[in-house]
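Student: Dropping a structure here in structure tokens format, bear with me for questions.
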Amino acid sequence: MPREHHRPVQFTDAEFAALQGGEDPALVNRVAHDTANALLHRVRADPDPAVVERLVTYTDVHGIEAIAELWARVGPHTLPGALWRIYLVRTVIRQNPEEIAYLFERGTELIGTIDQAVAGAEEPTGPAEILTLSDRILHGLYTGDFAVALERGAAFARLTAAGATSVADDADVSAAERASALTTRAFRLAELAEDLSAAAAMWRRESLD
Numbered sequence: 001m002p003r004e005h006h007r008p009v010q011f012t013d014a015e016f017a018a019l020q021g022g023e024d025p026a027l028v029n030r031v032a033h034d035t036a037n038a039l040l041h042r043v044r045a046d047p048d049p050a051v052v053e054r055l056v057t058y059t060d061v062h063g064i065e066a067i068a069e070l071w072a073r074v075g076p077h078t079l080p081g082a083l084w085r086i087y088l089v090r091t092v093i094r095q096n097p098e099e100i101a102y103l104f105e106r107g108t109e110l111i112g113t114i115d116q117a118v119a120g121a122e123e124p125t126g127p128a129e130i131l132t133l134s135d136r137i138l139h140g141l142y143t144g145d146f147a148v149a150l151e152r153g154a155a156f157a158r159l160t161a162a163g164a165t166s167v168a169d170d171a172d173v174s175a176a177e178r179a180s181a182l183t184t185r186a187f188r189l190a191e192l193a194e195d196l197s198a199a200a201a202m203w204r205r206e207s208l209d
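Right, here's the structure in full:
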């Protein structure tokens with residue numbers, strides 16, 4: 001891949017102002033779609049391992065806010081919206097791998113579906129395994145079947161949501177505040193799973209843009 005494709009996308013002052021202030025939603029939308037399409041298709045056309053690794057770990061260095069500035073303000077059933085949600089999955093995991101691994105394992109015990117196989121986490125799934133899963137899902141965006149990567153993210157989110165709901169039910173009487181926080185997390189994860197599943201189906205229909 002030509003070296004210039006590895007450089008950050010350059011924006012005009014007007015484009016930066018729109019991203020920061022949200023004064024022009026149409027411009028924000030265009031920049032989100034243009035950058036998502038350019039990044040994904042260029043890297044998938046020539047998946048240099050070093051470039052892919054930098055993209056996978058990008059938020060570790062620059063923070064999730066750097067991705068959010070570009071992709072978080074568009075609809076969930078779009079390419080930039082899907083990319084944002086996969087990065088969000090990885091961030092959720094890395095912020096507290098111990099708790100997430102526990103919730104994920106709890107969910108796998110409760111849900112008798114193929115989600116555990118789709119997610120692809122190693123068993124037993126502890127903090128190290130859940131961290132590995134987060135990286136593998138994101139790698140799949142750039143080097144594997146894009147729809148499968150989205151479905152793996154969705155499966156992870158569904159199982160973790162189920163686990164959070166179960167733990168919230170247990171804590172409802174003795175720890176109401178924690179139960180409320182877990183219920184909110186479960187709702188957001190379930191919503192995330194639905195969005196990623198829908199995006200995967202759209203990708204297969206060649207309608208995710």
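Numbering follows the numbering used here, in which position 99 of the sequence shown is assigned residue number 99; successive positions increment by one, without gaps. We put the CB at the ideal spot given by N, CA and C, even for glycine.
If we require 4 or more residues per run, which alpha helix (DSSP H) segments fall completely within the region 27-74?
Tutor: Within the region 27-74, the complete alpha helix (DSSP H) runs of at least 4 residues are 49-56, 58-62 and 64-71.
Student: Might you give, ordered along the chain, the residues of its own chain that have their beta carbon closer than 6 Å to the beta carbon of I114, omitting 5 neighbours on each side?
Tutor: In the sequence shown, counting from the first residue as 1, residue 114 sits at position 114. Correct list: empty, nothing qualifies.
Student: In terms of alpha-carbon separation, which member of D46, A68 and V61 lies closest to T35?
Tutor: By 1-based counting over the sequence shown, the position of residue 35 is 35. T35 has its Cα closest to that of A68, out of D46, A68 and V61.
Student: Out of curiosity, what's the CA-to-CA distance linking L192 and H77?
Tutor: Within the sequence shown, the letter at position 192 stands for residue 192. Within the sequence shown, the letter at position 77 stands for residue 77. Those two C-alpha atoms are separated by around 11 Å.
Student: To the nearest angstrom, how far is it from the Cα of Y102 to the Cα of Y142?
Tutor: Locating residue 102 in the sequence shown gives position 102, counting from the first residue. Locating residue 142 in the sequence shown gives position 142, counting from the first residue. Taking the straight line from one Cα to the other gives about 28 Å.
Student: How long is the line joining the alpha carbons of N29 and V89, rounded to whole angstroms?
Tutor: Residue numbering aside, residue 29 sits at position 29 when the sequence shown is read from its first letter. Residue numbering aside, residue 89 sits at position 89 when the sequence shown is read from its first letter. Their backbone Cα atoms lie some 22 Å apart in a straight line.
Student: At the level of alpha carbons, what is the spacing between P80 and N37?
Tutor: On the sequence shown, residue 80 is found 80 positions in, with the first residue counted as 1. On the sequence shown, residue 37 is found 37 positions in, with the first residue counted as 1. In a straight line, the C-alpha of P80 is about 8 Å away from that of N37.
Student: Unbroken alpha helix (DSSP H) runs of length 4 or more, entirely within the region 84-140: which are they?
Tutor: Counting only runs of 4 or more, we get 97-110 and 115-119.
Student: Does the region 178-194 come into contact with the region 120-136, if we say contact requires no fewer than three beta-carbon pairs (one atom in each stretch) closer than 8 Å?
Tutor: Contact fails: fewer than three Cβ-Cβ distances are below 8 Å.
Student: Run through DSSP, which three-state label would R205 get?
Tutor: The count along the sequence shown starts at 1 and reaches residue 205 at position 205. In the structure shown, R205 sits in coil (DSSP, three-state: anything other than H, G, I, E or B).
Student: To the nearest angstrom, how far is the alpha carbon of I130 from that of V61?
Tutor: As a first step, residue 130 must be located in the sequence shown, where it is residue number 130. As a first step, residue 61 must be located in the sequence shown, where it is residue number 61. So the two alpha carbons sit approximately 20 Å from each other.
Student: So, at 8 Å on beta carbons, what are the nonlocal neighbours of R85 in its own chain, with the 5 sequence-adjacent residues on each side left out?
Tutor: The residue labelled residue 85 in the question sits at position 85 within the sequence shown. P76, G153, L192, D195, L196 and A199.
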